[in-house]
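Below is one structure; the comments refer to it alone.
Residue numbers (our numbering): 11 to 404.
Given below as structure tokens:
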């Protein structure tokens, strides 16, 4: 079996465009003997935590990336006269530092560059490119677009710009889904690769897992674009954008075997690194004198409130409070409860209306006793386990 890795893959987190569920992606990758797999969703990294978890379960190397949108006239220019989406560009992280650079780019795209899509620009690429690998992406990439619109000479200027930013970590991406335009673009990309000593890689721009998932993917596209299902005009997908086997990819690019082999060069550049996916960052809650921990102070506030709310603290009440407090402590939420009760108490002091309780939080006696809610869960037999449960960490 040829060594090949898919480096351009969209999951369900490419909203209304990706029909590949992450677990199912790895099921097929494992069946077909793939040792690594990339995630490159459109403009976001929402699926990365689930992707890493699924990769670990299957023993497959995860390659974290993103297909970013590069605004031609700068991320801050937003008007009807500018390209709404920007040019596509694949970015892949080599290590943890690169991953943080990639996350930063994705975040800035939403915070500063959002105009129909989360856009970045070349100014940001220059600032955060250290350690990132990049490839020219699909027909929506800048180099393929310039080839189609203006020809090879102009495309060379764009290529040199990306080489100045990424150096040897920039690759030209070959795709073949049966589009006549892809044939034309690939021919020029091969010429550019030879002229400027740039390596080419083969990708399949994966948007769904199996060939027979194409109809489901088309439904997503119709929802995204507002077109009717039987309207195929302007449809850029051909049904070939599925997770092909390494052999299928090798057969497809038999004319360019180096494009298959070079995917492994990228895989080898990626280091093994851990990403903390569930780190909870909360403000520090200042404790009054006499209390050594958030847990102690929350217990104090809880029983202080209980004495005001119940005629007597019966065994039923104390057992319920002790149970809830132990779960809250075990799950690391004492500080969170202290913060919430503090701003709710302040809101009430400011005469700001606060609701009686919402959702499963109304099942917490600690929330009731600390003033977070106004509903007595013991009186109404509400279950605390629907709110917090060590067996169901959310």
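Using N, Cα and C, we set each Cβ at its ideal position, and we do this for glycine too.
Coarse secondary structure for residue i, derived from DSSP in three states
i: residue 298; result: coil
i: residue 378; result: helix
i: residue 47; result: strand
i: residue 157; result: helix
i: residue 52; result: strand
i: residue 111; result: helix
i: residue 361; result: coil
i: residue 224; result: helix
i: residue 396; result: helix
i: residue 260; result: helix
i: residue 118; result: helix
Run of the beta strand (DSSP E) containing residue i, from where it starts to where it stops
i: residue 75; result: 71–80
i: residue 180; result: 180–184
i: residue 1; result: The shown model of the chain, from 11 to 404, leaves out residue 1, and the question about it has no answer.
i: residue 210; result: 210–212
Residue i vs residue j beta-carbon contact at 7 angstroms
i: residue 49; j: residue 77; result: no
i: residue 150; j: residue 107; result: no
i: residue 230; j: residue 29; result: yes
i: residue 53; j: residue 155; result: no
i: residue 235; j: residue 187; result: no
i: residue 349; j: residue 382; result: no
i: residue 250; j: residue 198; result: no
i: residue 216; j: residue 253; result: yes
i: residue 384; j: residue 400; result: no
i: residue 47; j: residue 233; result: no
i: residue 152; j: residue 189; result: no
i: residue 14; j: residue 256; result: yes
i: residue 380; j: residue 286; result: no
i: residue 38; j: residue 219; result: yes
According to DSSP, residues forming a beta bridge with residue i
i: residue 346; result: BP columns for residue 346 are empty, so no partner.
i: residue 125; result: 127
i: residue 353; result: Residue 353 is not bridged to any residue.
i: residue 143; result: 102
i: residue 233; result: Its beta-bridge partners do not exist; DSSP assigns none.
i: residue 218; result: 252
i: residue 97; result: 80
i: residue 367; result: According to DSSP, residue 367 bridges with nothing at all.
i: residue 151; result: 98
Neighbourhood of residue i by C-beta, 7 angstroms cutoff - its chain only, sequence neighbours within 5 removed
i: residue 345; result: 292, 295 and 304
i: residue 334; result: 374, 375, 376 and 394
i: residue 157; result: 165, 195 and 198
Residue range of the unbroken alpha helix (DSSP H) whose run includes residue i
i: residue 18; result: Careful: residue 18 lies outside any alpha helix (DSSP H) and carries neither H nor E.
i: residue 328; result: 325–340
i: residue 198; result: 190–206
i: residue 304; result: 304–319
i: residue 388; result: Neither: residue 388 is in no alpha helix (DSSP H) and is coded neither H nor E.
i: residue 173; result: 162–176
i: residue 274; result: 267–279
i: residue 41; result: 32–41
i: residue 135; result: 132–138
Close-in-space but distant-in-sequence residues of the same chain around residue i (CB under 8 angstroms, 5 per side omitted)
i: residue 211; result: 17, 145, 181, 182, 183, 184, 269, 272, 273 and 276
i: residue 301; result: 307 and 310
i: residue 414; result: No information on residue 414 is available, as it lies outside the stretch 11 to 404 that the chain covers here.
i: residue 371; result: 377, 382, 383 and 397
i: residue 206; result: 166, 169, 170 and 173
i: residue 337; result: 394, 398, 399 and 400
Contact set for residue i: own chain, Cβ-Cβ below 6 angstroms, skip 5 residues either direction
i: residue 60; result: 32
i: residue 202; result: 169
i: residue 40; result: 68
i: residue 23; result: 51, 56 and 57
i: residue 87; result: none
i: residue 209; result: 181 and 272
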